[in-house]
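Once you know that position 36 of the sequence shown is 36 in the UniProt record's numbering, the rest is easy, because the numbers rise by one and skip nothing.
By construction, the Cβ of each residue, glycine as well, lies at the ideal position given by its N, Cα and C atoms.
Predicted model only: the values in this text are computed from it and were never measured.
Before any comments, here is the structure.
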Amino acid sequence: MIEILDPTRLARAKESGALVADILATLKGRTEVGTNLLDIDRWAKAMIVDAGAQSCYVDYEPSFGRGPFGHYICTAVNDAVLHGRPYDYALADGDLLTLDLAVSTGGVAADAAISFIVGDTQPEESVAMIGATERALAAGIAAAGPGARIGDISHAIGTVLSQAGYPINTEFGGHGIGSTMHQDPHVANTGRPGRGYKLRPGLLLALEPWVMADTARLVTDADGWTLRSATGCRTAHSEHTIAITDDGADILTLPRHAQP
């Protein structure tokens, strides 16, 4: 299903996006060496509930997962990159952490992810990998607008990632979003320009470039959810929800103080 939002529902999407961004910014600010992943999950739950919003994850039960996700945020550490299920782990100096969050307010969802390094140790390779996903995300957003095609976004993202030297997995990527978290169209992280669905004003897309340092192959953790690099290498993931407008694309998942 592909949804086109009217102005009323687009306003709700903006509320959801700002809440997602605010929560992620708060969690990043509170995360330090020794922070437990389960504490991050509890903090996320409290902020979602306090805002009167709904988690898109806690009851999420797709075919590729093992039962309901059961948590309020994805926390992926080092070699984990997607669907990281929080567990009893205290973060160490130099850990690369990805936080991925989706919430719904007023029946419309927004989704975003950030990767950052915990503590004072900042491994150069990890910093570069995070930067590549952020640049790829910016390129994908710049390629989005009315009349553009999904392939234009995929090509822009893939060009940045491949030029940075990273293998690209196409099993998981960006997606449409609206009344539910995951919708059509799928937005692969590489592709051919001029192909695929033509973008229209009112369409919401969650764009999410992610990479693994030296492989494109994923393995599923014993928890039935967390996806890790097959080689144990580090990973990074950046994501924004955008709305296609009459003259381009608006980023919905910016913290409120950063919104224009």
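Sub-8 Å separation of residue i and residue j beta-carbons
i	j	result
A44	S104	no
G84	T226	yes
G202	I242	no
residue 349	P185	An answer regarding residue 349 cannot be provided, because it is not within the stretch 1 to 260 covered by the chain.
Residue i - DSSP class collapsed to helix/strand/coil
i	result
Q259	The predicted position of Q259 is uncertain, since its pLDDT is 42 and thus under 50; no value can be drawn from it.
G17	helix
S55	strand
G176	strand
L252	coil
I150	helix
L97	strand
A25	helix
L155	The sequence shown places His at residue 155, rather than the Leu named in the question. Here H155 sits in helix by DSSP.
E3	coil
V160	helix
Assigned exposure category for residue i - 16 Cβ within 10 Å defines buried
i	result
D50	exposed
A258	With a pLDDT of only 43 at A258, under the threshold of 50, the placement of this residue in the model should not be trusted, and no figure is reported.
Y89	exposed
P260	Because the pLDDT of P260 is 40, which lies under 50, any placement of that residue in the model is unreliable, and the number read from its coordinates should be weighed accordingly. With fewer than 16 other Cβ atoms within 10 Å, it is exposed.
D6	exposed
D152	buried
A222	exposed
S63	exposed
D111	buried
Presumed contact (8 Å Cβ cut-off) between residue i and residue j, rounded CB distance
i	j	result
L101	L24	6 Å
G232	D79	5 Å
Q183	G191	At roughly 18 Å, the Cβ-Cβ gap does not stay under 8 Å, so Q183 and G191 are not in contact.
G140	L199	Rounded, the Cβ-Cβ distance is 12 Å, inconsistent with contact.
Element boundaries [alpha helix (DSSP H), containing residue i]
i	result
S115	Note, S115: premise wrong, no alpha helix (DSSP H); beta strand (DSSP E) at 108-117.
I244	It is not in any alpha helix (DSSP H) - I244 instead sits in the beta strand (DSSP E) that spans 240-245.
T133	124-143
First and last residue of the uninterrupted beta strand (DSSP E) at residue i
i	result
H186	183-187
R195	Unbroken run through R195: none, as it is neither H nor E.
S229	227-229
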